[in-house]
Structure formats: C-alpha cells, structure tokens
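Read the structure below first, then the notes.
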C-alpha cells in the first residue's frame with residue numbers, strides 16, 4: 009500500500025486494515041491487504057526454454073534458471089547436462105533452444121553462433137595429500153602426455169601420477185588441451201563424463217591429477233597454482249591466469265527464437281544476471 013493511501017485512511021479504516029496486515033506499518037503492508045494485485049514482479053512471458061550441454065555450467069545454470077523463472081513465472085527453463093558437444097549439436101538440429109558450451113566453436117561448426125555469457129577458469133586439481141603447490145604449463149604438458157610419470161619429477165612424492173580428464177567432446181577438455189598445447193596428445197588413465205566426477209575421482213586417489221571448472225573446486229581437493237598464479241575470479245578477469253575459457257550460449261544462425269528464449273539470453277548477457285554469475289564462481293563480461 010502506498011504511503012499516500014495510508015495517510016488518507018480514517019481511524020475506522022485503519023482499524024480494518026490493521027486486522028489484515030497491521031495498521032501504520034508500511035514495511036509489512038502488502039497489496040493483498042487491500043485486495044489489489046501487484047504486477048511489478050510479474051511478466052507476460054510464457055513458454056519453455058530448452059537448454060542443454062556443458063556440465064561445467066551446471067552450477068551457473070541452476071542459479072540462473074531459478075532467478076529468471078522467479079522474475080518470469082510463466083516461463084520454464086530446462087537444462088540437460090550432456091556436454092558441450094551435445095549442446096552445440098542440439099542448437100544446430102533444433103532440439104534445444106539454447107545450447108551450452110564451455111569452449112569456443114570449432115571451425116566446422118558454422119551453422120551456429122556463440123554468445124559469451126561469462127568466463128571461467130580451468131583449475132588444476134590434485135589430492136589434498138599432494139604437497140605440490142605449483143605447476144608450469146610445460147610440466148602440465150609433460151604430465152598429461154605421459155612424458156612425466158612420477159610426482160617426484162615435479163617436486164612431489166615418489167609415486168606414479170594418475171591422470172584423470174574429461175571425455176572427448178568436453179568443453180573443459182578442449183579448453184585445457186588447447187591452452188596447454190596438447191590437443192589429441194593426452195594419455196588419460198580415466199576419462200570421465202562430468203566435472204563433478206573428475207573432482208571426486210581426484211579426491212579419492214592420492215596420486216591423481218585432473219582439471220575442473222573453477223566453480224566446481226571445493227575443499228575436497230587441492231588446486232595448485234599454474235605459473236605461480238592462483239585460479240580465481242580476479243585472475244581470470246585480469247587475464248593473469250592462463251587456463252580460462254568462455255561459457256557460451258549457442259544458437260542456430262538465422263533461427264527465430266521464441267520470445268522467452270530471447271528474453272533469457274538478453275537477461276543473461278546485459279548485466280542483469282551478474283549477481284548469479286558471481287555466486288556461481290564465474291566472471292561476468294557485461
């Protein structure tokens with residue numbers, strides 16, 4: 009209820025309102041106490057926005073889904089975590105309104121376009137019992153291609169290194185291998201299909217190493233610095249942390265998006281979603 013309305017109330021009316029919402033308390037007065045409807049937080053948008061792809065974007069998408077649907081209660085945003093490659097394919101063949109990719113598009117992916125929502129760091133993860141605190145790009149290349157096989161070669165314990173990575177087609181894998189310069193050269197002991205599976209496997213094996221999205225790193229694993237720089241929102245934003253990649257929305261070129269899908273893209277990229285991007289551990293670009 010507006011303040012002018014409260015001032016105009018007679019004593020009898022105030023008593024009546026008090027029974028419903030508490031007379032004289034602006035902070036607790038709601039539109040329901042007068043029978044009026046407040047449409048300030050509602051939207052005329054309706055429909056379903058189908059998204060899917062990158063598993064690294066799961067935390068980000070969970071927060072953005074909830075926030076956008078709260079502001080647009082007629083809209084349902086779905087998310088299927090199937091990997092970046094599947095997200096791009098889904099956008100291309102029309103089974104998804106928006107594909108999700110945690111890598112740049114390949115040269116042959118010409119019928120879709122990528123819209124960068126935010127940036128993400130690719131953290132190196134090791135077991136909490138591992139004493140190695142820093143690795144260079146050269147050392148990472150040696151470890152993941154099998155040239156370096158023992159932790160003692162990089163200042164660690166005398167133990168065989170267990171290399172864990174993502175499956176072919178993963179945006180995290182593509183980003184890591186491209187930046188380190190080891191595309192199609194890595195020798196993995198395990199190839200897993202989700203970011204969370206990588207961190208869990210590393211947490212369970214004292215001699216393991218892997219890579220994961222910054223947003224997925226928690227105290228169950230160590231994240232040694234790379235070239236002496238910690239993986240953080242600040243170092244990704246200022247470019248000093250070299251292992252970073254874009255989180256993209258992917259749409260089919262020249263396709264007409266639904267009003268709800270276009271609104272979701274605009275909301276995610278014009279700065280309105282920055283609170284949720286930051287909370288997910290990512291770095292806004294808007």
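Residue numbers (my numbering): 9 to 294.
By construction, the Cβ of each residue, glycine as well, lies at the ideal position given by its N, Cα and C atoms.
Subject >> Own chain partners of residue 229 with C-beta closer than 6 Å, once the 5 adjacent residues on each side are dropped >> reply: 133, 207, 210, 211
Original post:
What residue does the beta strand (DSSP E) around residue 156 start on, and which one ends it?
Top reply: Taken as a continuous stretch (DSSP letters only), residue 156 belongs to no beta strand (DSSP E), as it is neither H nor E.
Original post:
Who are the near neighbours of residue 243 in its chain, counting only those whose CB is closer than 6 Å to its CB and skipping five residues on each side?
Top reply: 237, 249
Original post:
Any idea if residue 103 is buried or exposed, counting beta-carbon neighbours within 10 angstroms, 16 or more meaning buried?
Top reply: Classified as exposed, residue 103 has fewer than 16 neighbouring CB atoms from the shown chains inside 10 Å of its CB.
Subject >> Same chain, Cβ closer than 8 Å to residue 231, five either side skipped, listed in chain order >> reply: Excluding positions up to five away in sequence, the list reads 131, 132, 133, 134, 225, 238, 239.
**OP:** Please list, in chain order, all residues of the same chain as residue 68 whose beta carbon is under 6 Å from its beta carbon, the five residues on each side excluded.
**Re:** 288, 290
Original post:
Run through DSSP, which three-state label would residue 42 get?
Top reply: Because residue 42 carries a pLDDT of 41, less than 50, the predicted location of this residue cannot be relied on, and the following value inherits that uncertainty. If DSSP states are grouped into helix, strand and coil, residue 42 belongs with coil.
**OP:** Any chance you could list the beta strand (DSSP E) runs of at least 3 consecutive residues sitting entirely within the segment 76 to 139, in chain order?
**Re:** 83 to 89, 106 to 109, 120 to 134
Original post:
Is DSSP giving residue 285 helix, strand or coil here?
Top reply: helix
**OP:** Starting from the Cα of residue 57, find the closest Cα among 261, 171, 107, 165 and give me that residue.
**Re:** 107
**OP:** With a threshold of 16 other CB atoms inside 10 Å of the CB of residue 252, please say whether the residue is buried or exposed.
**Re:** buried
Original post:
Could you give the distance in angstroms between the alpha-carbon of residue 99 and the alpha-carbon of residue 202?
Top reply: Looking at the backbone, the Cα of residue 99 and that of residue 202 are separated by about 20 Å.
Original post:
Mapping DSSP to helix, strand and coil, what is residue 31?
Top reply: Note on residue 31: pLDDT 36, under 50, position unreliable in the model; no value is reported.
Original post:
Which residue from 129, 71, 183 puts its Cα closest to that of residue 247?
Top reply: Residue 247 has its Cα closest to that of 129, out of 129, 71, 183.
Original post:
Which residues bound the alpha helix (DSSP H) around residue 241?
Top reply: 241 to 245
Original post:
Taking contact to mean at least 3 C-beta pairs separated by less than 8 Å, is the segment 107 to 119 in contact with the segment 175 to 187?
Top reply: yes
Original post:
Going by C-alpha distance, which of 116, 89, 120 is nearest residue 260?
Top reply: 120
Original post:
In the structure shown, what three-state DSSP assignment does residue 72 receive?
Top reply: Here residue 72 sits in helix by DSSP.
**OP:** Use the C-beta contact count for residue 105: other C-beta atoms within 10 angstroms, 16 or more gives buried, fewer gives exposed.
**Re:** buried
Original post:
If you drop the 5 nearest sequence neighbours on each side, which residues of the same chain put their C-beta closer than 7 Å to that of residue 191?
Top reply: 185
Original post:
DSSP on residue 61, reduced to helix/strand/coil?
Top reply: strand
Original post:
What's the C-alpha gap between residue 273 and residue 124?
Top reply: 10 Å
Original post:
Would residue 157 pass as a contact of residue 169 if the rule is Cβ separation under 9 Å?
Top reply: yes
Subject >> residue 118 burial status per 10 Å Cβ neighbour count (16 or more: buried) >> reply: Exposed, because fewer than 16 other Cβ atoms sit within 10 Å of the Cβ of residue 118.
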